[in-house]
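Asks: Sequences listed follow chains A and B, in order. Read left to right, the first sequence gives residues 88 to 165 (our numbering). Read left to right, the second sequence gives residues 12 to 225 (our numbering). Structure incoming, see below.
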Amino acid sequence: MMMKMEEKNKLPEEAWGIAKFRIEAMPKTLKLSIGSTGALNKDQLIDHIEKRDDIGKMIAEAQINFLRTFKRNLRASP
Amino acid sequence: MTVLITKPRYDDTTAYLSEWSKEVTDNCKDRGIKILEVENENVNKITVENFIKSQNPTFLVFNGHGDPETIYGQHNKPLLSVEDLDKDVVSEKIIHSFSCSSASILGTECINAGCKTFIGYDNEFIFIIDTTRSTQPLKDESAKPFLESANQVVISIIKGNEIGEAFEMSQAKYDKWIEYYNAHYPEEAPHILPWLIWDKIHQVILGQKNFKVY
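Shown next as structure tokens:
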């Protein structure tokens with residue numbers, strides 16, 4: 088059961104590449120303020136994605152969630 | 012009604028939250044609401060608890076960092092924590108916390124300890140900073156949609172809306188900004204939109220909703 092839950096919550100492999108690609112496109116002048124971690128620049132964000140740590144996972148989840156929302160909106164529009 | 016606002020300031024994130032709380036204090040002043048602003052080094056457990064116990068504010072607005080079990084004050088020192096939660100500090104209060112993830116465990120513990128309502132985030136609260144504007148956070152148009160949406164719940168409560176209604180107004184403000192960036196799609200839109208959606212999803216309200224503060 089636990090295994091199934093983990094599999095269900097696992098990010099698709101391509102999510103990591105998409106997240107990295109999208110953060111690479113971010114202007115160098117922007118930073119992301121992430122809670123207690125502080126404000127991270129583009130290079131630091133990419134580093135977290137490459138390490139696949141908790142922050143990297145959160146970035147990948149947010150990017151995938153955004154793309155899914157975008158897709159839903161496209162389908163819903165006339 | 013009395014509102015207590017903590018304003019720690021020791022990094023970009025806390026500087027932004029403190030500056031943007033001006034929206035809240037201005038609204039309090041316009042309505043003649045008493046504000047207790049606790050700033051910088053004074054944002055520590057002893058001073059804040061003393062203020063709460065002696066002045067008995069109804070509404071506690073915590074700016075600053077956090078984690079699932081703790082809201083931190085100046086220099087990341089614990090202010091309100093599951094570990095040593097004082098019932099007298101949170102009982103009968105309405106709490107708004109920007110502190111990341113604090114709604115997940117601390118929020119529930121506050122409600123169990125008699126807090127009327129806890130509004131916050133059950134995961135990281137995230138916003139974009141434009142480093143070319145970071146010395147003047149109120150002029151940072153990239154941070155604006157995040158902080159304006161989050162502050163909306165506090166401002167709506169101060170304006171006399173029901174708590175649940177105020178929360179919905181904040182959610183609607185997120186939607187307004189999401190629609191704006193979807194429709195206009197300026198250069199920064201692809202970097203702002205994922206995190207506006209993220210914050211909206213993770214903003215939560217615990218406890219009582221159907222009452223007004225005054």
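We put the CB at the ideal spot given by N, CA and C, even for glycine.
#1: Does the Cβ of Ser-102 (chain B) have 16 or more other Cβ atoms within 10 Å, making it buried, or fewer, making it exposed?
#2: Check whether the Cβ atoms of Pro-79 (chain B) and Ser-112 (chain B) lie closer than 8 Å to each other.
#3: So, is Ser-65 (chain B) buried or exposed, given that buried needs 16 or more other C-beta atoms within 10 angstroms?
#4: With a cut-off of 8 Å on the beta carbons, I'd call Ile-142 (chain A) and Ala-106 (chain A) a contact; round off their distance for me.
#5: Quick check: the Cα distance between Glu-190 (chain B) and Leu-119 (chain A), rounded to an integer number of angstroms?
#6: Can you find a CB in chain B that lies within less than 8 Å of the CB of Arg-162 (chain A)?
#7: Just to confirm, are Pro-68 (chain B) and Val-14 (chain B) a CB contact at a threshold of 8 Å?
#8: Return the chain-ordered ranges of every beta strand (DSSP E) run that is complete within the segment 115-157 of chain A and spans a minimum of 3 residues.
#9: Start and end of the alpha helix (DSSP H) containing Val-164 (chain B)?
#10: Which residue wins for smallest C-alpha separation from Asp-41 (chain B), given the options B:Gln-214, B:Ile-208, B:Glu-176, B:Lys-170?
#11: Flag Leu-132 (chain A) as yes if its beta-carbon sits less than 8 Å from any beta-carbon of chain B, otherwise no.
#12: Report all residues from its chain with a CB closer than 8 Å to the CB of Tyr-83 (chain B); omit the five preceding and five following residues, and keep chain order.
#13: If I follow the unbroken beta strand (DSSP E) through His-76 (chain B), where does it start and stop?
#14: Return no unless some Cβ of chain A is closer than 8 Å to the Cβ of Cys-121 (chain B).
#15: Less than 8 Å between CB atoms is the rule here; does Arg-109 (chain A) satisfy it with respect to chain B?
#16: Sort out for me which residues DSSP pairs Gly-218 (chain B) with in a bridge.
#17: For the candidate residues B:Tyr-185, B:Lys-220, B:Glu-50, whose alpha-carbon lies nearest to that of Trp-206 (chain B)?
#18: Kindly list, in the order they appear in chain A, the residues whose Cβ is closer than 9 Å to that of Gly-171 (chain B).
#19: Which first and last residues belong to the alpha helix (DSSP H) in which Thr-24 (chain B) is found?
#20: Is any beta-carbon of chain B found at less than 8 Å from that of Ala-102 (chain A)?
#21: Is the segment 116-135 of chain B in contact with the segment 144-155 of chain B, if contact means three or more CB pairs nearer than 8 Å?
#22: If you drop the 5 nearest sequence neighbours on each side, which residues of the same chain put their C-beta closer than 7 Å to that of Gln-85 (chain B)?
#23: Beta-carbon within less than 6 Å of Arg-139 (chain A)'s beta-carbon, same chain only, minus the 5 sequence neighbours each way: which residues are those?
#24: In terms of alpha-carbon separation, which member of A:Ile-146, A:Gly-122, A:Glu-111 lies closest to Asp-130 (chain A)?
Replies: On the basis of the supplied data:
#1: exposed
#2: yes
#3: Classification for Ser-65 (chain B): exposed.
#4: Not a contact, Cβ separation roughly 11 Å.
#5: 21 Å
#6: no
#7: yes
#8: 117-121, 125-127, all fully within the segment 115-157 of chain A.
#9: 155-169
#10: B:Lys-170
#11: no
#12: Pro-19, Gly-75, His-76, Gly-77, Pro-89, Leu-90, Ser-110
#13: Per DSSP, His-76 (chain B) belongs to no beta strand (DSSP E) and is neither H nor E.
#14: no
#15: yes
#16: B:Thr-128
#17: B:Tyr-185
#18: By Cβ distance, chain A contributes nothing, its closest Cβ being about 31 Å from Gly-171 (chain B), past 9 Å.
#19: 23-31
#20: no
#21: no
#22: Same-chain partners within the cutoff: Pro-19, Tyr-21, Asn-51, Glu-52, Val-54, Asn-55.
#23: none
#24: A:Glu-111
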